[in-house]
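J.: Please find one structure pasted underneath; my questions will follow.
Residue numbers (our numbering): -10 to 525.
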């Protein structure tokens, strides 16, 4: 029987508790002064918890998780930061009686911007080391800021304190500080975020989607990391669109170029490449543009290629409302030294699917393209209209093989007759890629067990949307990551759509509730977004 190192799941629920705080944003670690960030998990560890007080054995760095709650405070939004530990996520009171997590809004003292209804702060979140100090930082999308013009709020990690600390934060806006502009309402800058080293200088960069730009034709901005932080070095931010000279295709209203983003080394040359979802292309049939990274220079679009279901070798046919490219995930689906691209196609046949393009020495190729859905022979589940299979995807190592797992969100899946309860489909890592043979895949919901070994916490209820967000974080230290699953529609303690996340940390555990900073709010949508760091 397969070992399950990352599927002991415990429900983590935003509670009514406000709790005493020991930092400007709530929560804190009692031993903060002795912590240092180390290079073990530079894109994940925000507070340097690998260094312990004297007379305590040394421990590895632990990855930290950022959870978006964009519906909180009349959709002004918030984020919650949870620190990792040897037991997984650190939650509840610490030795000083303070809650372990941090709760950050745009009206938190010291945070740039103002907390206003419909800003949707936390609608997108990623973590990465943007200044090369080994402490992970966080970029938070605020796509509703200033009449949906949008913004990105960047928080820097700090030894001991986690986000903020003494380093403050900054807001990124179009048309300011060398970021190309001008800025207009409706652009939704910050709707999509991804991280990677796109100029091969050893410091993480940030890609930002603005799918509403130009009548929803869309655009993407790449902001470069530097020792002084994002957008503070000699490489200026660049804007990419289908109207850019070296990007194939044409900018057309409602294409939504930049609605989804991911970064992967598809050629195995050590340089990250940027994949950009264009789900509205050609009457919502969809496409994906892949822009190769460069060594020591900003992206220009040179060598870019566009993929769709009309591309030679790609399984299926491009049809209206397929929405190919709605979600993107990159990782080593096969352990050949190159990363592969998983593309969500949630409108395929009305129920959804994913396509997998494999990496090669020349980048992505359709030579052995794969296409998976709940209509595929051997795949668990029943494809039904509106399931949205593939509206979220994540790729990473939550197992014990060299190949990485592909996890697919099916947030509107009908579970035991309950509509939109939601589920996830896990394709466990195989050296030859995903398989439906034996126990190589499974469908999990809040109403199912995994091969009879453990039960998913919670109960499937109408509108939970379990699987609406996904991430993988090394919360228990280096090695196999842990899977985070968002159910932002979950009713908690009678509060509708308050939201919940579930997270595994490598062992089976019992379910219990925890106190978390901030209020429990109707439509708070806690877990609507999860910070995905990409590689450790």
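Positions of the beta carbon are idealized from the N, C-alpha and C atoms, including for glycine.
Since this is a predicted model, take the numbers as computed values, not measurements.
Using a Cβ-Cβ cutoff of less than 6 angstroms, which residues in the same chain neighbour residue 331 once the five nearest sequence positions on both sides are dropped?
T.: The residue given as residue 331 occupies position 342 in the chain shown. Counting only Cβ-Cβ distances below 6 angstroms, and skipping sequence neighbours, we find 318, 343, 345, 382, 384 and 395.
J.: With DSSP as the reference, identify every bridge partner of residue 401, one or two as the case may be.
T.: Counted from its first residue, the chain shown places residue 401 at position 412. In the DSSP output, where bridge partners are listed per residue, residue 401 has none listed.
J.: I need the DSSP call for residue 64, collapsed to helix, strand or coil.
T.: For the purposes of this step, residue 64 is taken as the residue at position 75 of the chain shown. In the structure shown, residue 64 sits in a helix (DSSP, three-state: H, G or I).
J.: Buried or exposed for residue 184, going by 16 or more other Cβ atoms inside 10 Å?
T.: The residue labelled residue 184 in the question sits at position 195 within the chain shown. It counts as buried.
J.: Any heavy atom of the ligand ADP closer than 7 angstroms to the Cβ of residue 375?
T.: Although the ligand ADP was asked about, the structure shown includes no ligands whatsoever.
J.: Nearest CA to the CA of residue 280: which residue from 260, 299 and 271?
T.: Counting from 1 along the chain shown, the entry for residue 280 is found at position 291. Residue 280 has its Cα closest to that of 260, out of 260, 299 and 271.
J.: Could you give the distance in angstroms between the alpha-carbon of residue 286 and the alpha-carbon of residue 187?
T.: Taking the first residue of the chain shown as position 1, residue 286 is located at position 297. Taking the first residue of the chain shown as position 1, residue 187 is located at position 198. Whole-angstrom Cα-Cα distance: 9 angstroms.
J.: Looking only at C-alpha atoms, which of 68, 301, 328 and 398 sits nearest to residue 355?
T.: For this step, residue 355 is matched to residue 366 along the chain shown. Cα-wise, what sits closest to residue 355 is 301.
J.: For residue 425 and residue 358, I'd like the C-alpha separation in whole angstroms.
T.: As a first step, residue 425 must be located in the chain shown, where it is residue number 436. As a first step, residue 358 must be located in the chain shown, where it is residue number 369. Using only the alpha carbons, I get a separation of about 16 angstroms.
J.: How would you call residue 63, buried or exposed, if buried means at least 16 neighbouring beta carbons within 10 angstroms?
T.: Counting from one through the chain shown, the residue named residue 63 turns up at place 74. Exposed.
J.: Using a threshold of 8 angstroms, state whether the C-beta atoms of residue 341 and residue 268 are closer than that.
T.: Within the chain shown, residue 341 is the residue found at index 352, counting from 1. Within the chain shown, residue 268 is the residue found at index 279, counting from 1. Not in contact: residue 341 and residue 268 (Cβ atoms no closer than 8 angstroms).
J.: Helix or strand or just coil, what does DSSP make of residue 136?
T.: For the purposes of this step, residue 136 is taken as the residue at position 147 of the chain shown. Of the three classes helix, strand and coil, the one that applies to residue 136 here is helix, per DSSP.
J.: If I measure Cβ to Cβ from residue 511 and keep anything under 8 angstroms in the same chain, skipping five residues before and after, which residues do I get?
T.: Taking the first residue of the chain shown as position 1, residue 511 is located at position 522. If we look at residue 511 and ignore the five residues flanking it on each side, its Cβ neighbours are 484, 485, 486 and 487.
J.: Any contact between the segment 159 to 169 and the segment 111 to 122? By contact I mean 3 or more CB pairs, one from each, below 8 angstroms.
T.: The answer is no - the segment 111 to 122 does not touch the segment 159 to 169, with fewer than three Cβ pairs under 8 angstroms.
J.: Tell me the start and end of each unbroken beta strand (DSSP E) in the segment 365 to 414 that is at least 3 residues and wholly inside, in chain order.
T.: List check, beta strand (DSSP E) in window: 381 to 385 and 394 to 399.
J.: Where do the N-terminal and C-terminal ends of the alpha helix (DSSP H) with residue 273 fall, by residue?
T.: As a working note, residue 273 is residue 284 in the chain shown. Looking at the DSSP string, the run of the alpha helix (DSSP H) that includes residue 273 is 270 to 273.
J.: Give me the residue from 106, 413, 429 and 174 with the minimum Cα distance to residue 419.
T.: Along the chain shown, read from residue 1 onward, the residue named residue 419 stands at position 430. It is 429.
J.: Would residue 224 be called buried (16 or more neighbouring beta carbons within 10 Å of its own) or exposed?
T.: In the chain shown, counting from the first residue as 1, residue 224 sits at position 235. Under this definition residue 224 is a buried residue.
J.: Let me make sure I understand the geometry here. Which of 305, 176, 215 and 284 has the alpha-carbon closest to that of residue 244?
T.: Locating residue 244 in the chain shown gives position 255, where the first residue counts as 1. Checking every option, the nearest Cα to that of residue 244 belongs to 176.
J.: Mapping the DSSP letters down to three states, classify residue 142 as helix, strand or coil.
T.: Walking along the chain shown from the start, residue 142 turns up at place 153. In the structure shown, residue 142 sits in a strand (DSSP, three-state: E or B).
J.: Identify, in the order they occur along the chain, each residue of the same chain with its Cβ nearer than 6 angstroms to the Cβ of residue 478, setting aside the five sequence neighbours on each side.
T.: Reading the chain shown from its first residue, position 489 is the one you call residue 478. Here the set comprises 452, 453, 454 and 486.
J.: I need the DSSP call for residue 526, collapsed to helix, strand or coil.
T.: Residue 526 lies beyond the stretch modelled for the chain, which goes from -10 to 525, so this question has no answer here.
J.: If we call anything under 8 angstroms between Cβ atoms a contact, is residue 431 one with residue 369?
T.: By 1-based counting over the chain shown, the position of residue 431 is 442. By 1-based counting over the chain shown, the position of residue 369 is 380. Yes. Within cutoff.
J.: Among 253, 515 and 238, which has the Cα closest to the Cα of residue 297?
T.: Here residue 297 refers to the residue found at position 308 when the chain shown is read from its first residue. The shortest C-alpha separation from residue 297 is found at 238.
J.: Residue 219 and residue 195 look like a contact to me (Cβ under 8 angstroms); what is the Cβ gap, rounded to whole Å?
T.: Taking the chain shown and counting its residues from 1, one reaches residue 219 at position 230. Taking the chain shown and counting its residues from 1, one reaches residue 195 at position 206. Confirmed, about 6 angstroms.
J.: Candidates 102, 264, 410 and 306: which alpha carbon is nearest residue 292's?
T.: Your numbering for residue 292 matches position 303 in the chain shown. If we check each option's Cα against that of residue 292, 264 comes out closest.
J.: Could you tell me which residues DSSP pairs with residue 91 in its beta bridges?
T.: Residue 91 sits at position 102 when you count from the first residue of the chain shown. Answer is 70.
J.: Who pairs with residue 126 in a beta bridge, going by DSSP?
T.: To locate residue 126, count along the chain shown from 1; it is residue 137. According to DSSP, residue 126 bridges with 117.
J.: Pull the bridge partners of residue 462 from the DSSP assignment, please.
T.: Taking the first residue of the chain shown as 1, we reach residue 462 at position 473. Looking at the DSSP assignment, residue 462 forms a beta bridge with 471.
J.: If contact is defined by three or more beta carbon pairs under 8 angstroms, each pair taking one atom from either stretch, is the segment 302 to 309 in contact with the segment 403 to 410?
T.: Because the criterion of three Cβ pairs below 8 angstroms is not met, the segment 403 to 410 and the segment 302 to 309 do not touch.
J.: Report buried or exposed for residue 204, applying the criterion of at least 16 other Cβ atoms within 10 angstroms of its Cβ.
T.: As a position in the chain shown, residue 204 is number 215, starting the count at 1. Residue 204 should be labelled exposed.
J.: Enumerate in chain order the residues of its own chain whose CB-to-CB distance from residue 337 is below 6 angstroms, with the five nearest sequence positions on each side excluded.
T.: As a working mapping, residue 337 is identified with position 348 in the chain shown. Here the set comprises 311.
J.: With burial defined as no fewer than 16 other Cβ atoms inside 10 Å of the residue's Cβ, what is the status of residue 94: buried or exposed?
T.: Here residue 94 corresponds to residue number 105 of the chain shown, with the count starting at 1. By the 10 Å Cβ count, residue 94 comes out buried.
J.: Taking the beta carbon of residue -2 as the centre, do at least 16 other beta carbons fall within 10 Å, making it buried, or is it exposed?
T.: Taking the first residue of the chain shown as 1, we reach residue -2 at position 9. Confidence in residue -2 is poor, its pLDDT being 40 and thus under 50, which makes the residue's placement unreliable; the coordinate value appears in the next sentence. Residue -2 should be labelled buried.
J.: Identify, in the order they occur along the chain, each residue of the same chain with its Cβ nearer than 7 angstroms to the Cβ of residue 407, setting aside the five sequence neighbours on each side.
T.: Locating residue 407 in the chain shown gives position 418, where the first residue counts as 1. Counting only Cβ-Cβ distances below 7 angstroms, and skipping sequence neighbours, we find 449, 450 and 451.
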